[in-house]
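Residue numbers (the numbering used here): 4 to 154.
Glycine residues also receive a C-beta, built at the ideal position from the N, C-alpha and C atoms.
These numbers come from a predicted model, not from an experiment.
Working notes, beginning with the structure itself.
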């Protein structure tokens, strides 16, 4: 299974904001740090705000911050909210009838078990775990040079 680029950008945005902590960040800062499109990132951030992971403050000194502490953001929960297709094979998707052996082989059961194991692992970790013990994240993201957002 591979996460979409959308989810990848969302998780990287959450990591950036977790590292930035109270300092917060702006979309241009995050986009520059990861060399990604600001327009695409705006859509991603909109979804993160919609799902309660991020809060935005408008105006001068405004920007983005995590809406809840990083220790309360489950990686599994985030992926579930960001991704919309967990079908590992056609038989698990919206049109399983396209496969003539759907329901007759064990792949659906095996893939479902694998997907459950995937989420059980992700559910054991939080955003705080993803940044804990990681050396050099601030420097790699250019956060130490980022301006502090107004409270």
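- For residue 41, the enclosing alpha helix (DSSP H) stretches over residues 41–53.
- When rounded, the separation of the alpha-carbon atoms in residue 125 and residue 133 is 11 Å.
- When DSSP reads this structure, residue 60 sits in a beta bridge with 66.
- For residue 67, the closest C-alpha among the options 104, 140, 20 is that of 20.
- If you draw a straight line from the Cα of residue 143 to the Cα of residue 36, it is about 8 Å long.
- Per DSSP, the continuous alpha helix (DSSP H) segment holding residue 142 begins and ends at 140–144.
- Ranking 86, 147, 30 by CA distance to the CA of residue 59 puts 30 first.
- Of 24, 41, 40, 50, the smallest CA-CA separation from residue 13 is found for 50.
- Rounded to the nearest whole angstrom, the C-alpha separation of residue 38 and residue 87 is 25 Å.
- A straight-line Cα-Cα distance of about 13 Å links residue 46 and residue 54.
- The straight-line gap separating the alpha-carbon atoms of residue 116 and residue 61 is approximately 44 Å.
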